[in-house]
Amino acid sequence: MLKCEDIRPQLSAYIDREVPLWEAQMLRWHIRSCHECAFEYMLLMDTSEAMKSLVSVAVPDNFLSEVMTKASMMAVYERKKLNLFQRAMRHVEARFARLKYIFYVFRGKATVYATTLMTLVVVGYFISAMPKIFTPPLSKPHPMLVKAEVNCSKEIISVEFVTSERLRYIQGR
Amino acid sequence: MRVSDEELMIRCRNGDMSAFELLVSRYQNAIINFIYRSIGDYHRAEDLSQETFLRVFKSASRYEPKAQFKNWLYKIAVNLCKNEIRDRQRHGLSSLEDFMTDEEGKINYAVLRDFSQMPDVLYEKKEQQILIRQAIDSLPENQRLAIIMVTYQNLRYDEIANTLGCSVSAVKSLIHRARQNLKNLLLEMGIGGSYNAQV
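Protein sequence lines, in the order shown, are assigned to chains H and W.
Take the first sequence: its position 87, counting from 1, is numbered 336 in this note's numbering, and each next residue is one higher.
Take the second sequence: its position 130, counting from 1, is numbered 221 in this note's numbering, and each next residue is one higher.
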């Protein structure tokens, strides 16, 4: 059972849905059973709701055009500052940036693909090895049975039918 | 199909201005609101938002798509906000709402007289908004930025950690402390406590 002191610091993360599912379930159970933590949770929720009630401000109409004008001016100024070699290097770097981006995207996906493949291989191996794992190893023949076989080597009695009673009978003879 | 921000940034690096324009139009609303909520001054927020996008444009040539573009953008905005907050503290300036308080820090109701022509509900709502803004402004720098990012910008804790340059557990603690402080401040101001939350 979790204590209230352990629960309280988690409440904010619970409100923001930043706790794992199992922890969220435990917190929910605790809040339902503990009045003090439930009260605290409600106060924090109210605070969050009060914050959300703040209205957002509008973007000025000329914001985008102003930024674009300044950016264009900046681009012209930057271009003037560079000599021919630097400009050529920039161009090459920019072309390489695209390749790098494709590599990063592929690398991210490749990790997912490799992990999936590895998991499938491991699961496949276990499934194929399962009969071997779960089949009991061949046991040694029963010592009595071996003895019976030795004793009855010249007899006509088949080993399959040898029971302890029959063995005793054979030995008695 | 929606082109990713990183793809647009690469195009911008290649000198495509329309890609940069698309990026600005995607994030202008979020960035202006984020900066406004952090510093509490609309006109300064507008300037700083422009500065944020121009810094993005300027450093486009060095951009490496290792992290999400959004996180990088917020990191620039956060740095500008921190500088502005520190400047204001150094020069004894604070948000515009500070002009609405008296020396003891209580609300100067005379300033609210402008809204007296409004219906009661609107007046109450306006007053409440000012009080909430004040409460947010009174939080320490990092707590304020973290709670704004989680509440208004809907960023995840790991994204906030990346933006603020700290661990996820530190962000968790920052946000919890911010909410606790806000709760106490709002209760003192008589806001909240309607107890209508559902588990």
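Positions of the beta carbon are idealized from the N, C-alpha and C atoms, including for glycine.
Just so we're clear, the structure is a prediction, and the values are computed from it rather than from any experiment.
Check: Nearest to residue 220/W by alpha carbon, out of 161/W, 165/W and 282/W?
Finding: Translated into the one-based positions of the second sequence, residue 220/W becomes position 129. The residue with the shortest Cα to Cα distance from residue 220/W is 282/W.
Margin query: Beta-carbon within less than 6 Å of residue 261/H's beta-carbon, same chain only, minus the 5 sequence neighbours each way: which residues are those?
Written below: Here residue 261/H refers to the residue found at position 12 of the first sequence. Same-chain partners within the cutoff: there are none.
Note to self: So with CB distances below 8 Å, who are the chain H contacts of residue 248/W?
What the structure shows: Here residue 248/W refers to the residue found at position 157 when the second sequence is read from its first residue. What residue 248/W touches in chain H: 262, 265 and 267.
Next item on the list: For chain W, find out if any of its Cβ atoms is closer than 8 Å to the Cβ of residue 380/H; answer yes or no.
Entry: By 1-based counting over the first sequence, the position of residue 380/H is 131. No, residue 380/H does not count as interfacial toward chain W.
Check: If you compare alpha carbons, which of 171/W, 117/W and 155/W is closest to residue 138/W?
Finding: Residue numbering aside, residue 138/W sits at position 47 when the second sequence is read from its first letter. Residue 138/W has its Cα closest to that of 171/W, out of 171/W, 117/W and 155/W.
Note to self: Could you compute how far the alpha carbon of residue 121/W sits from the alpha carbon of residue 244/W?
What the structure shows: In the second sequence, counting from the first residue as 1, residue 121/W sits at position 30. In the second sequence, counting from the first residue as 1, residue 244/W sits at position 153. For residue 121/W and residue 244/W, the distance between alpha carbons rounds to 7 Å.
Checklist line | Alpha carbon of residue 97/W to alpha carbon of residue 156/W, nearest angstrom | finding: Looking up residue 97/W in the second sequence gives position 6. Looking up residue 156/W in the second sequence gives position 65. Near 6 Å, if we compare the C-alpha coordinates of residue 156/W and residue 97/W.
Notebook entry, point to check: Over what stretch of residues does the alpha helix (DSSP H) that includes residue 311/H continue unbroken?
Noted result: If you number the first sequence from 1, residue 311/H lands on position 62. Here residue 311/H belongs to no alpha helix (DSSP H), and DSSP marks it neither H nor E.
Next item on the list: Give the straight-line distance between the Cα atoms of residue 280/W and residue 318/H, rounded to the nearest whole angstrom.
Entry: Along the second sequence, read from residue 1 onward, the residue named residue 280/W stands at position 189. Along the first sequence, read from residue 1 onward, the residue named residue 318/H stands at position 69. Answer to the nearest angstrom: the Cα atoms are 45 Å apart.
Next item on the list: Would you kindly work out how many angstroms separate the C-alpha atoms of residue 252/W and residue 380/H, rounded to a whole number?
Entry: For the purposes of this step, residue 252/W is identified with residue 161 of the second sequence, where counting begins at 1. For the purposes of this step, residue 380/H is identified with residue 131 of the first sequence, where counting begins at 1. Cα to Cα, the separation comes out at about 49 Å.
Check: So what's residue 159/W in DSSP terms, helix, strand or just coil?
Finding: Working through the second sequence from its first residue, we reach residue 159/W at position 68. Of the three classes helix, strand and coil, the one that applies to residue 159/W here is coil, per DSSP.
Next item on the list: Give a yes or no on contact between the region 291-307 of chain H and the region 267-274 of chain W, applying the rule of three or more CB pairs nearer than 8 Å.
Entry: yes
Check: At least one CB of chain W closer than 8 Å to the CB of residue 333/H: is that the case?
Finding: Taking the first residue of the first sequence as position 1, residue 333/H is located at position 84. Cβ-Cβ to chain W under 8 Å: no for residue 333/H.
Item checked: Anticipated Cβ contact below 8 Å, residue 256/H with residue 286/H, distance rounded -> The count along the first sequence starts at 1 and reaches residue 256/H at position 7. The count along the first sequence starts at 1 and reaches residue 286/H at position 37. Right, their Cβ atoms sit about 5 Å apart.
Check: At least one CB of chain W closer than 8 Å to the CB of residue 252/H: is that the case?
Finding: Position 3 of the first sequence holds residue 252/H. Taking Cβ atoms only, chain W never reaches closer than 8 Å to residue 252/H, which makes this a no.
Next item on the list: Taking only beta-carbon positions, decide if residue 323/H is within less than 8 Å of chain W.
Entry: Residue mapping note: residue 323/H aligns to position 74 of the first sequence, counting from 1. So, interface residue.
Next item on the list: Can you say whether residue 103/W is buried or exposed, counting buried as having 16 or more other CB atoms within 10 angstroms of its CB?
Entry: As a first step, residue 103/W is located in the second sequence; it is residue number 12 there, counting from the start. Flag for residue 103/W reads buried.
Check: If you measure from the beta carbon of residue 223/W to each beta carbon in chain H, is any gap under 8 Å?
Finding: Locating residue 223/W in the second sequence gives position 132, counting from the first residue. At least one chain H Cβ lies under 8 Å of residue 223/W.
Next item on the list: Excluding the 5 residues preceding and the 5 following residue 259/W in the sequence, name in chain order all residues of the same chain whose CB lies nearer than 6 Å to its CB.
Entry: Along the second sequence, read from residue 1 onward, the residue named residue 259/W stands at position 168. Answer for residue 259/W: 248, 249 and 252, listed in chain order.
Checklist line | Residue closest to residue 309/H, alpha-carbon to alpha-carbon, out of 135/W, 160/W and 105/W | finding: The residue you call residue 309/H lines up with position 60 of the first sequence. Here the closest residue by C-alpha is 135/W.
Checklist line | CB contact check: residue 108/W to chain H, cutoff 8 Å | finding: Residue mapping note: residue 108/W aligns to position 17 of the second sequence, counting from 1. For residue 108/W, the answer is yes, since a Cβ of chain H falls inside 8 Å of its Cβ.
Margin query: Counting beta carbon pairs with one atom in the region 115-129 of chain W and one in the region 327-338 of chain H, are three or more of them shorter than 8 Å?
Written below: no
Checklist line | Contact test: residue 258/W Cβ vs the ligand FMN heavy atom, cutoff 7 Å | finding: The ligand content of the structure shown is nil, which means the ligand FMN is not present either.
Note to self: Can you tell me whether residue 427/H is buried or exposed? The criterion is at least 16 other CB atoms within 10 Å of its CB, across all chains shown.
What the structure shows: Residue numbering for chain H in the displayed model covers 250 to 422; residue 427/H lies beyond these limits and cannot be assessed.
Check: From the beta carbon of residue 167/W, is the nearest beta carbon of chain H less than 8 Å away?
Finding: For the purposes of this step, residue 167/W is identified with residue 76 of the second sequence, where counting begins at 1. So, not an interface residue.
Next item on the list: Specify, as a first and last residue, the run of the alpha helix (DSSP H) that residue 292/W falls within.
Entry: Chain W is shown only over 92 to 290; residue 292/W falls outside these bounds and no answer can be derived.
Item checked: Boundaries of the alpha helix (DSSP H) in which residue 262/W is found, first to last residue -> For the purposes of this step, residue 262/W is identified with residue 171 of the second sequence, where counting begins at 1. Its alpha helix (DSSP H) spans residues 259-280.
Notebook entry, point to check: To which residues of the same chain is residue 339/H closer than 8 Å at the C-beta, ignoring the five residues directly before and after it?
Noted result: The sequence position of residue 339/H within the first sequence is 90, counting from 1. So the qualifying residues of the chain are 331.
Notebook entry, point to check: Start and end of the alpha helix (DSSP H) containing residue 182/W?
Noted result: Residue numbering aside, residue 182/W sits at position 91 when the second sequence is read from its first letter. Looking at the DSSP string, residue 182/W is not in any alpha helix (DSSP H), and its letter there is neither H nor E.
Next item on the list: Please compile the residues from chain W whose C-beta is within a distance smaller than 8 Å of the C-beta of residue 313/H.
Entry: Stepping through the first sequence from its first residue, residue 313/H is reached at position 64. The answer, in chain order, is 112, 115, 116 and 119.
Margin query: Please report the distance separating the alpha-carbon of residue 115/W from that of residue 174/W.
Written below: In the second sequence, residue 115/W corresponds to position 24, counting from 1. In the second sequence, residue 174/W corresponds to position 83, counting from 1. C-alpha separation (whole angstroms): 22 Å.
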